[in-house]
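Participant: Residues in the sequence shown are numbered from 0 upward in steps of one, following numbering that gives the first Met the number 0.
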Amino acid sequence: MNKNKLFFLSILVLVFSVSSCKGPSSKRIIKLGHGLGVTHPVHEAMLYLAKKVEEKSGGEMVVKIYPNQQLGSERELVELLQIGSLGMTKVSSAALEGFAPTMQVFGMPYLFRDDAHQLSVLQGEIGKKLLLDPQKYLLRGLCYYDSGKRSFYTKDKPVESPADLAGLKIRVMESNTASNMVKSLGGSPTPVSYGELYTALQQGIVDGAENNAPSLYTSKHYEVCKFYSIDEHTALPDVMIVSTKVWESLSEQQQKWLQEAADESATYEYKIWAEATAESLRELEKAGVTISYPDKEPFRAAVESMYTDLKVQQPEIYKIVEQIRAVK
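#1: Give the C-beta separation of residue 227 and residue 152 to the nearest angstrom, bearing in mind that I take them to be a contact with Cβ-Cβ under 8 angstroms.
#2: Nearest CA to the CA of residue 148: which residue from 98, 132, 304, 292?
#3: Within a Cβ cutoff of 6 angstroms, which residues of the same chain sit near residue 272, ignoring the five residues on either side of it in sequence?
#4: Curious, which full-length alpha helix (DSSP H) runs of at least 4 residues does the segment 179 to 237 contain?
#5: Go to residue 330, then tell me how far its beta strand (DSSP E) extends in each direction, as first and last residue.
#6: What would DSSP say about residue 45, mapped onto helix, strand or coil?
#7: What residue range does the alpha helix (DSSP H) around residue 305 cover?
#8: With three or more beta-carbon pairs closer than 8 angstroms as the criterion, would you say the segment 161 to 170 touches the segment 194 to 210?
#9: By Cβ distance below 8 angstroms, which residues in the same chain neighbour residue 120 in space, the five residues on each side in sequence not counted?
#10: I need the boundaries of the beta strand (DSSP E) containing residue 152, first residue and last residue.
#11: With burial defined as no fewer than 16 other Cβ atoms inside 10 Å of the residue's Cβ, what is the status of residue 2: buried or exposed?
#12: Rounding to the nearest angstrom, what Cα-Cα distance links residue 282 and residue 290 in this structure?
#13: Name the DSSP bridge partner or partners of residue 168?
#14: Could you give the C-beta distance for residue 365 and residue 86, rounded to a whole number, given that I count them as a contact under 8 angstroms?
#15: According to DSSP, is residue 292 part of a helix, a strand, or is it coil?
#16: To test your reading of the DSSP string, which unbroken beta strand (DSSP E) runs of 3 or more residues are found completely within the segment 26 to 91?
#17: Since residue 220 and residue 150 should fall inside the 8 angstroms C-beta cutoff, what is the C-beta to C-beta distance between them, to a whole number of angstroms?
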C-alpha cells in the first residue's frame, strides 16, 4: 500500500463517525478541515463562523476547526465530505471544478471586469445557482469567501509578460482550467499540493506559483520567491461547503443557524480581506520581495483562445460566461 493511501486511510479513521456527532454534553459537533494556516484571513473568517454557530444555537452546535491540512489535502477533504466522514471544508472554486464542473467558470482568466462585477455575480442569481450545483455531488455550498486575485510569484525573475513564463514550471491547483491557463501563457503547469509547495519551491520542483498576496505572505513562500508580478489573471472565490449527508442530518433549525452563520462570516471575511491584502503587500515589500505591475493586455490576449475553445467544447459552460459578462 503506498504512502498516500496509508495517510488517507489514517485520516479517514480519525474523522469517521465524528464529522458531525453528539458530544458528551449532547452538543452537535461539526468538524471543519482546511489547508490554510492559522494567520490567514480565511481561517479568521472560519473562527467567526464557528463563534456565530455557537452563539445562535446557545451552545447546542459546535464547529471544530482543523487547519493546516491536518485532515488531508484539499481534494482529500472534499472526498471525505462526499462520504459524510467530514462535516465541512473551505475549498477553492478551482479545486471544486473536479467535483462540480460548472465551478470551472470561475477559473476562466480575466472573467470579471472589477471587484464590483464579481460581487454582483456571486450575490446574484448566477452565484446562488452555482453555489447549489455541487449538491448533485453530495456537496452543498453555503457561501463564498473573497480570495482576491491570483498573480504569479517566482524565484529567479519577475513575470513582466507571457514570454517570461517560457520554460518555467508553475505550481497550479488540481484544475484543468488553471493548467490550461498557464499553458496558454507559455508556462509549464505543475500540480502540487498547497501543503507541499514550500518544499517544492525550495527543491526546484517548481520555479514559481500563483496566488493572492495574503496566501503568499502567510505561507512564507516569499522566503523562496522574491518576485511577485501582479497580473491578476484570475479572481477565484473560495467556497464554504458542507457534506449533504451531514446537512440532511441536521434539524431545520440547525440548518438555519449554520446557514446564517456562514452568511455572516462571508460578510465579515469580505471586510477583513481588503485589509489583509494591503497589509500583506506591505510586509512582502519589507521582506525584500520585488512587486511589479505588468501590463495585463498581453496576458489577456494570450488566454483569449481559452474562451474560443470553451465555446466549442463546452457550450453549456460558455453560456454561463456570457451570463456573467452580461451582469451590470
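A virtual CB, placed ideally from N, CA and C, is assigned to each residue, including glycine.
Facilitator: Working from what's here:
#1: What you label residue 227 is simply residue 228 of the sequence shown in a count that begins at 1. What you label residue 152 is simply residue 153 of the sequence shown in a count that begins at 1. Rounded, the Cβ-Cβ distance is 5 angstroms, consistent with contact.
#2: To locate residue 148, count along the sequence shown from 1; it is residue 149. Of 98, 132, 304, 292, the smallest CA-CA separation from residue 148 is found for 292.
#3: By one-based count along the sequence shown, residue 272 stands at place 273. Excluding residues within five positions, the ones whose Cβ falls inside 6 angstroms are 40, 145.
#4: You should have 196 to 201, 212 to 217.
#5: This structure cannot speak to residue 330, because the chain is shown only from 0 to 327.
#6: Residue mapping note: residue 45 aligns to position 46 of the sequence shown, counting from 1. DSSP places residue 45 in helix when its eight states are reduced to three.
#7: Along the sequence shown, read from residue 1 onward, the residue named residue 305 stands at position 306. Residues 296 to 312.
#8: yes
#9: If you number the sequence shown from 1, residue 120 lands on position 121. The residues are 111, 126, 323, 326.
#10: In the sequence shown, counting from the first residue as 1, residue 152 sits at position 153. First-last of the beta strand (DSSP E) with residue 152: 149 to 153.
#11: Indexing the sequence shown from 1 puts residue 2 at position 3. Residue placement at residue 2 is poorly supported in this model, since its pLDDT is 44, which falls under 50; the coordinates are not used for a value here.
#12: Numbered from its first residue, the sequence shown carries residue 282 at position 283. Numbered from its first residue, the sequence shown carries residue 290 at position 291. C-alpha separation (whole angstroms): 11 angstroms.
#13: Your numbering for residue 168 matches position 169 in the sequence shown. The partner list for residue 168 (beta bridge, DSSP) reads 187.
#14: Given that the chain is displayed from residue 0 to residue 327, the structure contains no residue 365 and the question cannot be resolved.
#15: Counted from its first residue, the sequence shown places residue 292 at position 293. If DSSP states are grouped into helix, strand and coil, residue 292 belongs with coil.
#16: Secondary structure within the segment 26 to 91: the beta strand (DSSP E) runs of 3 or more consecutive residues, fully enclosed, are 27 to 32, 60 to 65, 87 to 91 (chain order).
#17: Here residue 220 corresponds to residue number 221 of the sequence shown, with the count starting at 1. Here residue 150 corresponds to residue number 151 of the sequence shown, with the count starting at 1. No, residue 220 and residue 150 are not in contact; Cβ-Cβ is about 13 angstroms, not under 8 angstroms.
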